[in-house]
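Colleague:
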Amino acid sequence: MNILLLLPALILIFIVFVIPIVRYYWLSIHASSVMTGLIPVPNNGSNWLRILSDDRFWQDLFQTLRFTFTSVTIEILLAIVIALLLNQKFQGRGIIRAISLLPWALPTTIMALGWRWIFNTPYGPIEQIFTLLGIGTINILSNPHLAWIATVIADVWKTTPFIMIILLAGLQTIPSDLYEAFKLEGGTEIQSFFKITFPLLQPYLIISILFRIAQAFGVFDLIQVMTGGGPANSTESLGLYAYINSMRFLDFGYSATIIFLTFIILIGFCILGWLLISQSKRFLSSEI
Amino acid sequence: MSNKALKLFFILILISFFTSIKSRSASFKTKRINILMPAPFAESTKPLVDDFNKKEKGLIKLRVTKGPLETEAVSDLAISSLLLGKSPFDVILIDVTWLPKYAAAGWLEPMDKWINTENWHSLANGARLGNTYNNQIYRWPLVADMGLLYWRTDLLEKPPKTPEELIEVSLNLKRKGLITYGYVWQGRQYEGLSCVFLEVLNAFGGEWLSKESKQINLKSKESNNAAKWLKELITSGASPSSVTNFSETESLQAFETGQAALMRNWPYAWAELQKETSLVKGKVGVTTMVSKNGISPTATLGSWGFSILKSSSNKDAAYKAIEFLTSVESQKKLFLINGYTPTKKIVFKDKELKRTAPLITVLEKALSISKPRPQTPLYAQISNVLQTQLSTILTNQITPEKGMALAHEKSQKIISSASIKR
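Quick mapping for you: the protein sequence lines, in order, are chains A and B. In terms of my numbering, the first sequence opens at residue 13 and continues consecutively. In terms of my numbering, the second sequence opens at residue -12 and continues consecutively.
(1) Use the C-beta contact count for Val334 of chain B: other C-beta atoms within 10 angstroms, 16 or more gives buried, fewer gives exposed.
(2) Counting only C-beta atoms, is Lys215 of chain B closer than 8 angstroms to chain A at any point?
(3) Are the stretch 230 to 248 of chain A and the stretch 52 to 67 of chain A touching by the rule of at least three beta carbon pairs closer than 8 angstroms?
(4) Exposed or buried, which one is Lys9 of chain B when buried takes at least 16 other CB atoms within 10 Å?
(5) For a test of the three-state rule: what should DSSP assign to Ala92 of chain B, helix, strand or coil?
(6) Measuring CB to CB, does Val46 of chain A end up less than 8 angstroms from Leu262 of chain A?
(7) Drop a sphere of 10 angstroms on the beta-carbon of Phe210 of chain A, count the other beta-carbons inside from all chains shown, and report buried for 16 or more, exposed for fewer.
(8) Starting from the N-terminal side, write out each stretch of the alpha helix (DSSP H) that is 4 residues or longer and does not extend beyond the stretch 7 to 95 of chain B.
(9) For the stretch 51 to 72 of chain B, list every residue whose C-beta sits within 8 angstroms of some C-beta in chain A, in sequence order.
(10) Would the stretch 353 to 364 of chain B count as touching the stretch 280 to 294 of chain B if we require 3 or more Cβ pairs under 8 angstroms?
(11) Would you say Gly93 of chain B lies against chain A (beta-carbon separation less than 8 angstroms)?
(12) Can you give me the start and stop residues for the beta strand (DSSP E) that Leu249 of chain B sits inside?
(13) Between which residues of its own chain and Leu153 of chain A is the CB-CB distance below 8 angstroms, once the five residues before and five after are set aside?
(14) Looking at the unbroken alpha helix (DSSP H) that takes in Thr121 of chain A, where does it start and where does it end?
(15) So Leu98 of chain A packs on Ile108 of chain A, CB below 8 angstroms; how close in whole Å?
(16) How would you label Asp167 of chain A, buried or exposed, when you count the other beta carbons within 10 angstroms and need 16 or more for buried?
(17) Note down, in chain order, all residues in the stretch 350 to 369 of chain B with a beta-carbon under 8 angstroms from any beta-carbon belonging to chain A.
(18) Since Gly49 of chain A meets chain B, which of its residues come closer than 7 angstroms, beta carbon to beta carbon?
(19) Would you call Trp70 of chain A buried or exposed, if buried means 16 or more other Cβ atoms sit within 10 Å of its Cβ?
(20) Counting only C-beta atoms, is Ala91 of chain A closer than 8 angstroms to chain B at any point?
(21) Mind checking whether Ile203 of chain B and Ser398 of chain B have CB atoms under 8 angstroms apart?
(22) Below 8 angstroms between beta carbons is the criterion; list the residues of the stretch 182 to 203 of chain B that meet it against any residue of chain A, in chain order.
(23) Mind the definition here: the stretch 269 to 277 of chain B touches the stretch 204 to 222 of chain B only if three or more C-beta pairs lie below 8 angstroms; say whether that holds.
(24) Quick one: which chain B residues come within Cβ less than 7 angstroms of Phe261 of chain A?
(25) Within 10 angstroms of its Cβ, does His42 of chain A collect 16 or more other Cβ (buried), or is it exposed?
(26) Would the beta-carbon of Ser181 of chain B fall within 8 angstroms of that of Gln374 of chain B?
(27) Would you say Thr382 of chain B faces chain A, with C-beta separation under 8 angstroms as the test?
(28) Where does Arg139 of chain B sit, in a helix, a strand or coil, going by DSSP?
(29) Going by DSSP, name the residue or residues bridged to Pro128 of chain B.
(30) If you run the structure through DSSP and keep just helix, strand and coil, what is Tyr327 of chain B?
(31) Taking only heavy atoms of the ligand NAD into account, decide whether any of them is closer than 7 angstroms to the Cβ of Glu259 of chain B.
(32) Please compile the residues from chain A whose C-beta is within a distance smaller than 9 angstroms of the C-beta of Lys297 of chain B.
(33) Closer than 8 angstroms by beta-carbon distance: list the chain B residues that pair up with Pro173 of chain A, in chain order.
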């Protein structure tokens, strides 16, 4: 009976998740490109041989990891601070909470276009500010060593509210009498954060970190609009590389290989992250 | 529901039923053609499209879908619609480099049945290139386009002819303080850089994809010299270092404001330089790209043409529209108003045009020496590899020799792994 109740959900997952992934795997062991007239032809795993020696793939993987971990870390730290602030009682709290969600509500392409202009040389405000400060032109979007930082800044601006709202919901589930009791025992505010807030917030942190890692790993629209992957491919993400291969090069076999390998790597990272977090959780709970 | 309301509802249904019958019978007679064009072309051909619709008196209704401004964005739009099966377009205006890819994917209708030998030979020599794949015609050109060298007639007596001369005159003029930049071109990592490089490579006697063996030929003395020369332009000061971020727009901006003595650009720049806002109006000459002594110069061919989609249900009407839009009369109008380079021989010989727009003679010569980029369905990949390596060379991340060797290996790998697939 239990399984019967699960069935609709399982069927849905099968249709929108299992079938596409199996299809990607199947395509990855075929050649399906303009050279085959877009008809899939088995090619003895030559896509897989190619991807192992394709340094552009590994460079993009490095860039995607760098982007994911930098932006998720900054977002989590910022979101904790903002959530704690917005959990306080003050006048106009409702309005401020609503406003702080705005970046998350904006479509990514629009906000990415905005950031492209903010970083534009010589017309963007960042450039103007730097010139006023006497630092001079930095031309961040055409510098292969710096451009990725600009994309991280834009991503942090956009997705911090998302984590913040999850954490804020978590904070509201913590009963206030815990803090009162802790205070009576002589605990300080800072101690109460590490002894009460942080441990009780953990499930929410884990959820938001996993959500964000999965999302940031597949970043596409932000990069496509802001830099198009350049300069010198320095900001190209795996999502963008897969897209270029299918839409520009019409090489669906190789594009599917990129997507499938990315999927495996992402699953690996999620399992690793889960293990690390549950380890630290056990460690923390034993400490309490 | 009241009785009245029910009656009204019934009448409404009847009306909509009859109007649908009427419109269906009308569409039975009218053949609807939908052409996808990049935004600038949709704008410039608008009067011609109106003329055509007037002339056809409702038998054929031509509609132009105005695509995005950027070339690659148009390609993305076209490809998405084609991949989904039945495309809403009958004809697409395509770039010369897309043709082998689209034809190999089986999306295009061969046009041989409409185009006879006489038609074919009405095209100027360079304009015939880049329209065929596997010996079948898949595209009919609307406008020819090729790389030109613009020079300042008030600063120079004659344009430079060789690569060495180009650097020398640029440095000379800079030393005299007459200009801030010497020679401006397209150095950003994008398709324009491949076009620039192909001209320089030919000027040094090299080739990108060898004609006979269909093999990449970038690991050669000639291509090293070509890459070295491009880098030398920047290191010697003949070109500004910001040229690595220049596309056509930035190059034109620098030349138009009188900051540069020489510019590599497409024919459209001529019309821009003749506007009142241009500071160099009346001081500009046009010629073909420099080349080493004993090697004839070339111009990279970039042209746009119409292809009929296999999925179109009105192919004959579509060809009729193409015929009209590319007719001699239309080409004259497009040249005079928009500066579009004609593709038919006879237009270049037009006495009136020769008198009013002497540029046509230069265009004719440039078109006759123009060379297409490698005609392979894998062009987008190998050009992407070349652009990346050239950009790393020009921004000093790698030596020209190493960069060219890498470009060679990577492109070769793409070609050979594609042939395994077959």
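The beta-carbon is built from N, C-alpha and C at its ideal position, and this holds for glycine as well.
Modeller: Once the coordinates are examined:
(1) buried
(2) By this cut-off, Lys215 of chain B is not an interface position.
(3) no
(4) For Lys9 of chain B, the predicted structure reports a pLDDT of 49, less than 50, and the residue's modelled location is therefore unreliable. The matter cannot be settled from this model.
(5) coil
(6) yes
(7) Its Cβ having fewer than 16 others within 10 Å, Phe210 of chain A is exposed.
(8) Counting whole runs of 4 or more residues, the stretch 7 to 95 of chain B contains the alpha helix (DSSP H) stretches 26 to 31, 33 to 43, 58 to 70, 86 to 91.
(9) Glu59, Ser62, Asp63, Ile66, Ser67
(10) Touching, per the Cβ criterion.
(11) yes
(12) 249 to 252
(13) Arg128, Phe131, Asn132, Thr133, Ala159, Ala162, Met238, Thr239, Pro243
(14) 120 to 130
(15) 7 angstroms
(16) Burial state of Asp167 of chain A is buried, judged by a 10 Å Cβ sphere holding 16 or more other Cβ atoms.
(17) Pro364, Leu365, Ala367, Gln368
(18) Ala91, Ala92, Gly93
(19) exposed
(20) no
(21) yes
(22) none
(23) no
(24) Ala367, Gln368
(25) The residue in question, His42 of chain A, is buried, as its Cβ has 16 or more Cβ neighbours within 10 Å.
(26) yes
(27) yes
(28) strand
(29) Pro128 of chain B has B:Gly292 as its beta-bridge partners, per DSSP.
(30) coil
(31) Looking at this structure, you won't find the ligand NAD or any other ligand, since it has none at all.
(32) Those do not exist, as Lys297 of chain B stays about 12 angstroms from chain A at its closest Cβ, beyond 9 angstroms.
(33) The premise fails here: Pro173 of chain A is roughly 30 angstroms from chain B at the closest Cβ pair, so nothing lies under 8 angstroms.
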